[in-house]
Amino acid sequence: MIRLLRNVPISIKAFSASAVLLICIVALGTQASVFLSNLKTDLKSLSDSSLSKQQQVLDIAKGAIDTHIDVFRYVAWASTGVKPATLKTLEGRFRRESAKVSASLGELAARADLTAPERVAVTDAATKWQRYADAAHDTVEISTTDPALGTVMLGGIDDEYSRVDFDIQTISSLVTMETRSSAQDLFSQAGLNQRFIVLVGLAALLFGAGVTFMMSQSIVAPIQAVTRALQAVSVGGAADVKLTDRSDEIGKMWRAISVFRRKLESDNRLLGAREQELTTQNLRFDAALNNMSQGLVMFDRDNRVTVANRQYIEMYRISADVVRPGRSLRHLLEARQAAGTFGEDIESYMARQATEGFIARKTPELPDGRVISVVNTRMSDGGWVSTHEDITEQRRTEQRIAHMAGHDALTGLPNRLLFRESMEQALAAPDPENGVAVLSIDLDCFKEVNDTHGHPAGDALLRGVAERLRRCVGDGMVARLGGDEFAMIRVGAQSAEDVQLLAERILKTLGEPMKVEGHDIRVGSSIGIAISPAHGDDPDELLKHADTALYRAKADGRRTFRLFEPEMNLRALARRSLEADLRGALDRGEFELHYQPFVNLVSNQVTGFEALIRWHHPDKGLISPADFIPLAEETGLINPIGDWVLRQACLDAATWPADLQIAVNLSPVQLRNRALPRFVILALAAARLDPKRLELEITETALLQDDEALLASLHHLRALGVRIAMDDFGTGYSSLKYLRSFPFDKIKIDRSFVKELGIRADCAAIVRAVAELGRSLAMTTTAEGVETEAQLAHLKQEGCTEVQGYLFSKPRPATELATLISTLEKGLAA
Amino acid sequence: MRAMLTAVALILCFSTLAASDPVPGSREEAIAMVKRVQQKFATQGPQATFDAITSSDEFHDRDLYPFVYDTEGWNVAHGANPQMVGKLWISIKDQDGNYLIKEMVGIAHGPGSGWVDYKWPNPVTHKIQDKSAYVEKLGERYFVGVGIYKP
Numbered sequence: 002m003i004r005l006l007r008n009v010p011i012s013i014k015a016f017s018a019s020a021v022l023l024i025c026i027v028a029l030g031t032q033a034s035v036f037l038s039n040l041k042t043d044l045k046s047l048s049d050s051s052l053s054k055q056q057q058v059l060d061i062a063k064g065a066i067d068t069h070i071d072v073f074r075y076v077a078w079a080s081t082g083v084k085p086a087t088l089k090t091l092e093g094r095f096r097r098e099s100a101k102v103s104a105s106l107g108e109l110a111a112r113a114d115l116t117a118p119e120r121v122a123v124t125d126a127a128t129k130w131q132r133y134a135d136a137a138h139d140t141v142e143i144s145t146t147d148p149a150l151g152t153v154m155l156g157g158i159d160d161e162y163s164r165v166d167f168d169i170q171t172i173s174s175l176v177t178m179e180t181r182s183s184a185q186d187l188f189s190q191a192g193l194n195q196r197f198i199v200l201v202g203l204a205a206l207l208f209g210a211g212v213t214f215m216m217s218q219s220i221v222a223p224i225q226a227v228t229r230a231l232q233a234v235s236v237g238g239a240a241d242v243k244l245t246d247r248s249d250e251i252g253k254m255w256r257a258i259s260v261f262r263r264k265l266e267s268d269n270r271l272l273g274a275r276e277q278e279l280t281t282q283n284l285r286f287d288a289a290l291n292n293m294s295q296g297l298v299m300f301d302r303d304n305r306v307t308v309a310n311r312q313y314i315e316m317y318r319i320s321a322d323v324v325r326p327g328r329s330l331r332h333l334l335e336a337r338q339a340a341g342t343f344g345e346d347i348e349s350y351m352a353r354q355a356t357e358g359f360i361a362r363k364t365p366e367l368p369d370g371r372v373i374s375v376v377n378t379r380m381s382d383g384g385w386v387s388t389h390e391d392i393t394e395q396r397r398t399e400q401r402i403a404h405m406a407g408h409d410a411l412t413g414l415p416n417r418l419l420f421r422e423s424m425e426q427a428l429a430a431p432d433p434e435n436g437v438a439v440l441s442i443d444l445d446c447f448k449e450v451n452d453t454h455g456h457p458a459g460d461a462l463l464r465g466v467a468e469r470l471r472r473c474v475g476d477g478m479v480a481r482l483g484g485d486e487f488a489m490i491r492v493g494a495q496s497a498e499d500v501q502l503l504a505e506r507i508l509k510t511l512g513e514p515m516k517v518e519g520h521d522i523r524v525g526s527s528i529g530i531a532i533s534p535a536h537g538d539d540p541d542e543l544l545k546h547a548d549t550a551l552y553r554a555k556a557d558g559r560r561t562f563r564l565f566e567p568e569m570n571l572r573a574l575a576r577r578s579l580e581a582d583l584r585g586a587l588d589r590g591e592f593e594l595h596y597q598p599f600v601n602l603v604s605n606q607v608t609g610f611e612a613l614i615r616w617h618h619p620d621k622g623l624i625s626p627a628d629f630i631p632l633a634e635e636t637g638l639i640n641p642i643g644d645w646v647l648r649q650a651c652l653d654a655a656t657w658p659a660d661l662q663i664a665v666n667l668s669p670v671q672l673r674n675r676a677l678p679r680f681v682i683l684a685l686a687a688a689r690l691d692p693k694r695l696e697l698e699i700t701e702t703a704l705l706q707d708d709e710a711l712l713a714s715l716h717h718l719r720a721l722g723v724r725i726a727m728d729d730f731g732t733g734y735s736s737l738k739y740l741r742s743f744p745f746d747k748i749k750i751d752r753s754f755v756k757e758l759g760i761r762a763d764c765a766a767i768v769r770a771v772a773e774l775g776r777s778l779a780m781t782t783t784a785e786g787v788e789t790e791a792q793l794a795h796l797k798q799e800g801c802t803e804v805q806g807y808l809f810s811k812p813r814p815a816t817e818l819a820t821l822i823s824t825l826e827k828g829l830a831a
Numbered sequence: 161m162r163a164m165l166t167a168v169a170l171i172l173c174f175s176t177l178a179a180s181d182p183v184p185g186s187r188e189e190a191i192a193m194v195k196r197v198q199q200k201f202a203t204q205g206p207q208a209t210f211d212a213i214t215s216s217d218e219f220h221d222r223d224l225y226p227f228v229y230d231t232e233g234w235n236v237a238h239g240a241n242p243q244m245v246g247k248l249w250i251s252i253k254d255q256d257g258n259y260l261i262k263e264m265v266g267i268a269h270g271p272g273s274g275w276v277d278y279k280w281p282n283p284v285t286h287k288i289q290d291k292s293a294y295v296e297k298l299g300e301r302y303f304v305g306v307g308i309y310k311p
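Protein chains in written order, with the working numbering: chain D, 2 to 831; chain L, 161 to 311.
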């Protein structure tokens, strides 16, 4: 059966079940309808017959009572003398009532549906009523005239009434019994019908339940199986249900589900991959969002937060709750204000945003001083994204760079660039009453301080000077243009005297001793002044003129100031033209070396020559080294010139007899050049000259700095065999420290000692002491500037090793040396 | 007209009696009145006797009067109230529950004469009083009675 049902379509099964149930319901309904119809008929007969009979009987009983009471009432009223009219009315009512009862009894008797006992009882009642009525009428009639007799008569009619009443009660009982039996019939009939309906209903219910159970067995069970299988599939398990052999809807459904399941599985695999991808992307997005350097917050079209990153929260020191999605911009701003990271008024900010619209870019400064660069970008959905970057450091750097560009790092003073700008500004808006004064200030002995105490001391000195100048400047500007060059601009200089007062104040201030690294240093200064418009209205020109005046002040013995005068310009021009000439002199071959011999007093022989440079200026003729060497040192031209001297001297010396030395002077600038040993080696190599024949003369000032690198260079050269001599000994500090710091081969005693030898006793003593020192340190001692025989005699006496001077020969060109040597040797031999 | 005249006459008569404070009739007088009716019935026949009782003063003496019923209870003559004539009184019952006519019928059928006690209106005082009536069978179909009112 079940197997058969498996292949019947569900629709047919459902239809069959419904039909069975329908039939049951229709059968029940029909039965109920028939029953109700019968019930209706019975009830109708009951109400038409029994109930109307009963009603009539009741009416009769009531009418009889009323009549009887009225008789009594009449007799009583007649006895007590009630008005005849009232008695008449009462009599009329009595007669009507009595007649009505008679009529009712007649009607009842006329009914066709009376039962036999009823009919007998009714007939009896009618007869008795007639008797009663007659007696009652008599009583009333008699009572009118003889109430007392009426009263007695009441006893008689009362009996009559009892009889009538008995009959009426009998009829009533009969009718009631009839009604009751009808009702009982109806009740029993209803009970019967009820049992029938209940039984048929139960049967239908059982049948329906059976059918439904069978249907559910063939529909619900497989559906449950399918559901279980689907649940298993949904949690990823396998579906072990075999329903594909069914040919009903379940079978079709299962086949469809199988297809769907395979599709679902493949979709799930795709979905899993996608989800993995999304998770990765989300992680990347999160990582990107929270690792970007900017703070980011995103709003929707209603200014509600959609996303914000960690940097934003940290930047504004707010809680993460404030940027929870859905929070309003206003709430966010209030939180930021509370955290002290929103400096504007929220109301005006919101109003501005509403009226001025979208603000794409701004760089507000927070109350705590940070500067934030905010970039707002509209998105296509009406929302906007706002990125925030703390650019405080960048700003500071920019400001620092801007400051650095315009300021000197060491002193913090404006540099040349800024100074020039200031000048331009000052000159661009000239005040007809007051000019613009420019003061060019140079320290007098800065180089010496640098050389003596080292660069740190020099730097400290510069800082001190800057500080003092700053105090003097007032509402002007002071700048460091480079090295020990300072400059000051004074706007609104009332007169030249006014500016001169300022210059005097500066000189005084800078002239006071300054404590630098434990040393009391007295640094002087020179000042050159140029005033616009008298001395020009161009910044460069004005500064140049101030420099010219400065140069003049220096030339005039330093520690003073000079106001620019036009003729100063000429001198400065001369100097500049000399400098220009000097630059080309080497290329043009305008330099020449002259040689002065030095003579050994022991062997009485020429032992070598000192090379001395000469400049043949095409226009000015021969120019003294004293005039152009400082210029060359200042301009750095000393390096190429010195190199040329070294090479030329070596080349010349190579042509001489091998026992002759060649002495070359080195400038301190050359000495500080690390490449010096290389230049020397190259020069020796180029001339194929024995290093032992080369002697380098250095001044003691070159050693002032205690420069390790310089000493290393000297040691290097000496290791090659080159001899090192100390030149001009006695002019500077003449400290024995320098003699100890390097093992010199020779000491050259300055010409100033030789000049006064024989005149001042101390000079002889010094010469003697140096000679003695040289002997004990195994150094040659050479006296320079020997011009007389007396000087020579003294030097011999004091124990000098060598002499040099005009007494033997003034410096001669290389071409004349061969002649000179032979002449000298003849003279020396004599 | 006659009835009215009779009524007036009766009222006059009663008022006269009342005024004269009449002595109630005695048992002997009642029996005597019955005998007189018997005699009249015997001599003049029923109709004359009945008329004389109902419509004349022939048998009236103070509160004494005769009444005649047939043996079924129908009144045929009445000395105090002519309205009672022609009506069936068999089922009448006094306040004490005595079926007085039935008792009288019983005497007529049985011993032929006797006394019956009951309550009845006094035609003189118009009050219901205890009455004792002497009853005798009258002819074959009737009986006659005269009662005395007890004070």
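For every residue, glycine included, the Cβ atom is placed at its ideal position computed from N, Cα and C.
Within chain L, the residues 243 have their CB atoms less than 8 Å from the CB of residue 142 (chain D), given in chain order. Chain L places a beta carbon closer than 7 Å to that of residue 150 (chain D), counting this residue as a contact. Considering only beta carbons, the part of the segment 253-264 of chain L lying closer than 8 Å to chain D consists of 253, 254, 255 and 257, in chain order. Contact with chain D is absent for residue 238 (chain L), since none of that chain's Cβ atoms lies less than 7 Å from the residue's Cβ.
Closest in alpha carbon position to residue 777 (chain D), among D:764, D:802, D:762 and D:17, is D:802.
Here residue 805 (chain D) is buried: its Cβ has 16 or more other Cβ atoms, across all protein chains shown, within 10 Å.
For secondary structure counted as the beta strand (DSSP E) over 3 or more consecutive residues, the segment 750-792 of chain D holds these complete runs in sequence order: 781-784. The count of Cβ pairs closer than 8 Å, one atom from the segment 255-266 of chain D and one from the segment 352-361 of chain D, stays below three, leaving the stretches out of contact.
In this model, residue 283 (chain D) and residue 330 (chain D) are separated by some 25 Å (Cα to Cα). Assignment of beta-bridge partners to residue 229 (chain L) by DSSP yields L:235 and L:303. Annotation for residue 765 (chain D): 758, 759, 795 and 799 place their beta carbon closer than 8 Å to its own, counting only its chain and skipping 5 residues before and after. Secondary structure in the segment 657-744 of chain D: the alpha helix (DSSP H) runs of 4 residues or longer, each lying completely within the stretch, are 669-672, 677-688, 709-721 and 737-742 in chain order. Assignment of beta-bridge partners to residue 248 (chain L) by DSSP yields L:234. Relative to the Cα of residue 240 (chain L), the nearest Cα in the group L:303, L:211 and L:277 belongs to L:211. DSSP lists L:290 as the bridge partner or partners of residue 279 (chain L). In the DSSP assignment, residue 309 (chain L) is bridged to L:291. The shortest C-alpha to C-alpha distance from residue 217 (chain L) to any of L:288, L:237 and L:296 is the one to L:237.
Interface flag for residue 310 (chain L) against chain D is unset, since no Cβ pair is found closer than 7 Å.
Secondary structure of residue 634 (chain D) (DSSP, three-state): helix. Here the segment 619-628 of chain D does not lie against the segment 642-652 of chain D, with fewer than 3 beta-carbon pairs under 8 Å apart. In the displayed model, residue 141 (chain D) falls within a helix according to three-state DSSP. Taking the beta carbon of residue 281 (chain L) as reference, the chain D residues within 7 Å of it are 147, 149, 150 and 153, listed in sequence order. Note: residue 437 (chain D) is bridge-paired with D:492 and D:533 in the DSSP secondary-structure output. With respect to the C-alpha of residue 304 (chain L), the residue from L:189, L:183, L:201 and L:185 having the closest C-alpha is L:201. By the neighbour-count definition (other C-beta atoms within 10 Å, threshold 16), residue 133 (chain D) is a buried residue. A contact between stretches requires three or more CB pairs, one per stretch, nearer than 8 Å, and the segment 57-73 of chain D meets this requirement with the segment 159-170 of chain D. Cβ-Cβ distances below 6 Å link residue 289 (chain L) to 282 and 309 in the same chain, with the five nearest sequence neighbours on each side left out; the list follows chain order.
Sequence-distant partners of residue 228 (chain D) (beyond 5 residues in either direction) whose C-beta falls short of 6 Å from its own C-beta are missing from its chain.
The C-beta of residue 160 (chain D) comes closer than 7 Å to at least one C-beta of chain L.
Residue-level contact check: residue 107 (chain D) does not touch chain L, since none of the beta carbons of chain L fall below 7 Å from its beta carbon. The secondary-structure analysis by DSSP pairs residue 363 (chain D) across a beta bridge with D:375.
Secondary structure at residue 115 (chain D): coil, using DSSP grouped into helix, strand and coil. Among the bridge pairs identified by DSSP, residue 598 (chain D) is matched with D:610.
Residue state for residue 295 (chain D) is assigned as coil, using DSSP reduced to three classes. Bounds of any beta strand (DSSP E) do not take in residue 209 (chain L); it lies within the alpha helix (DSSP H) bounded by 187-215. Looking at the backbone, the Cα of residue 294 (chain L) and that of residue 141 (chain D) are separated by about 28 Å.
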